[in-house]
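Residue numbers are given in the numbering used here: position 266 of the sequence shown equals residue 272, and the series is strictly consecutive. Here the structure is laid out as structure tokens; the discussion comes afterwards.
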Amino acid sequence: MESFLNLTIVIPTVGEEILLSVIQKINSYTLRPKKILVVVYNKNFIKINKDINSYDNVEIVQTNSPGQVNQRVEGFKLAKTDFVMQLDADCFIDNKSTEEMINFLKKNKNASVGPCFFDIKNNLPIHKLNNNNKISQILKNFILGFPNDNSIMGKVSRSGTNFGVDFFFLKNKEIQVQWIPGGCLMHYRNNLYLEDYYPFKGKAYYEDLIHSSILIKRNVKLFIIKDAICKTDFPIFPKQFKEFLKYIRSYNYTSKIYNVSLIRKYICITLYFLRYFKNRLF
Numbered sequence: 007m008e009s010f011l012n013l014t015i016v017i018p019t020v021g022e023e024i025l026l027s028v029i030q031k032i033n034s035y036t037l038r039p040k041k042i043l044v045v046v047y048n049k050n051f052i053k054i055n056k057d058i059n060s061y062d063n064v065e066i067v068q069t070n071s072p073g074q075v076n077q078r079v080e081g082f083k084l085a086k087t088d089f090v091m092q093l094d095a096d097c098f099i100d101n102k103s104t105e106e107m108i109n110f111l112k113k114n115k116n117a118s119v120g121p122c123f124f125d126i127k128n129n130l131p132i133h134k135l136n137n138n139n140k141i142s143q144i145l146k147n148f149i150l151g152f153p154n155d156n157s158i159m160g161k162v163s164r165s166g167t168n169f170g171v172d173f174f175f176l177k178n179k180e181i182q183v184q185w186i187p188g189g190c191l192m193h194y195r196n197n198l199y200l201e202d203y204y205p206f207k208g209k210a211y212y213e214d215l216i217h218s219s220i221l222i223k224r225n226v227k228l229f230i231i232k233d234a235i236c237k238t239d240f241p242i243f244p245k246q247f248k249e250f251l252k253y254i255r256s257y258n259y260t261s262k263i264y265n266v267s268l269i270r271k272y273i274c275i276t277l278y279f280l281r282y283f284k285n286r287l288f
């Protein structure tokens with residue numbers, strides 16, 4: 007008789023082609039999650055690959071409203087297992103990593119846990135420390151307000167910007183952090199936040215910082231563990247000006263949650279504009 011992990015994986019999607027490969031990866035092991043909830047806005051349902059329905063542990067859930075966070079929350083509400091993982095439709099995680107995250111939560115019931123993130127194209131950490139670049143150090147420490155050296159990992163700066171965890175600089179098996187990327191994150195079902203916390207339409211920029219802040223305020227500790235790895239594409243800074251303005255709008259909203267001073271906020275927004283125009287010109 008086949009056994010299942012006491013786990014529900016919630017995947018919000020707009021019908022990405024890669025979603026089938028993500029589910030195939032998850033279900034390629036002997037021990038599979040009990041349920042995979044693929045949550046899609048009803049107008050995008052037609053984009054879902056029909057082969058996804060061939061798996062007995064996959065259920066497609068349609069929502070009446072769009073939005074990644076809204077779809078994820080609707081999936082959370084349907085979860086019945088003790089452990090619930092939120093996973094983006096382009097994030098790959100293996101069985102070993104999933105089991106390590108479950109085992110960690112069994113020992114830390116008032117916590118949520120995430121993996122180390124790697125670029126799927128070059129197999130390098132998405133968040134890379136570079137302590138040898140003096141200009142980068144000045145930018146991070148004095149302008150953005152990050153702490154010095156390796157203690158930057160998993161932190162949110164005084165400017166409301168974030169830095170992840172570099173696998174190769176992580177000395178211990180775990181690190182408590184101030185935020186976890188929303189692409190892959192596991193919770194106890196009882197710790198789930200079941201309200202749509204993202205106030206804007208379109209791509210949910212900065213939603214992971216907002217979500218992390220909510221969890222911490224609810225006394226849920228956040229951790230990244232070294233024994234779990236998630237692979238995905240390197241995040242791309244917005245190229246279209248309309249999309250860039252949405253990014254700035256989301257940053258402005260998030261900066262208020264993190265009590266960012268006006269001076270730091272406007273410095274950061276200026277740097278974002280410089281980055282945008284640099285990318286457009288070069």
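By construction, the Cβ of each residue, glycine as well, lies at the ideal position given by its N, Cα and C atoms. Quick caveat, the model's predicted, so the values are computed rather than measured.
Check: Per DSSP, cross-strand counterpart(s) of Q68; Outcome: V46
Check: Backbone CA spacing between Q30 and E65 [nearest angstrom]; Outcome: 14 Å
Check: Residues sharing a beta bridge with V162, DSSP; Outcome: N168
Check: CB contact flag (T69, L13, <8 Å); Outcome: no
Check: L283 classed as buried or exposed, judged by whether at least 16 other C-beta atoms fall within 10 angstroms; Outcome: The displayed chain sequence assigns Phe, not Leu, to residue 283. Counting Cβ neighbours within 10 Å, F283 comes out exposed, since fewer than 16 surround it.
Check: Whole-number beta carbon distance between C122 and A234, since they are thought to touch under 8 Å; Outcome: 7 Å
Check: Cβ pair F206, S256 closer than 8 Å; Outcome: yes
Check: 8 Å Cβ cutoff met for G81 and I186; Outcome: no
Check: Secondary structure of G120, DSSP reduced to three states; Outcome: strand
Check: Y204 versus G73: straight-line alpha-carbon distance, rounded; Outcome: 9 Å
Check: Residue from V79, D96, K41, T36 whose Cα sits closest to the Cα of E23; Outcome: D96
Check: Expected contact under 8 Å - CB spacing of V75 and E213 to nearest Å; Outcome: 5 Å
Check: Extent of the continuous beta strand (DSSP E) to which H217 belongs; Outcome: Where H217 is concerned, there is no enclosing beta strand (DSSP E), although the alpha helix (DSSP H) it sits in stretches over 213-223.
Check: Cβ contact (3+ pairs, closer than 8 Å) linking the segment 170-186 and the segment 239-254; Outcome: no
Check: Within-8 Å CB hit, K86 to chain C; Outcome: This model lacks chain C altogether; it includes just one protein chain.
Check: V67 vs L84 beta-carbon contact at 8 Å; Outcome: yes
Check: For V90, the residue or residues it bridges with in DSSP; Outcome: T14, H193
Check: Candidates G208, K127, F148, D62: closest to V20 by CA position; Outcome: G208
Check: DSSP beta-bridge partners of Q182; Outcome: F229
Check: Within 8 Å, strictly: CB atoms of L11 and L37; Outcome: yes
Check: For F98 and N55, the rounded distance between their alpha carbons; Outcome: 18 Å
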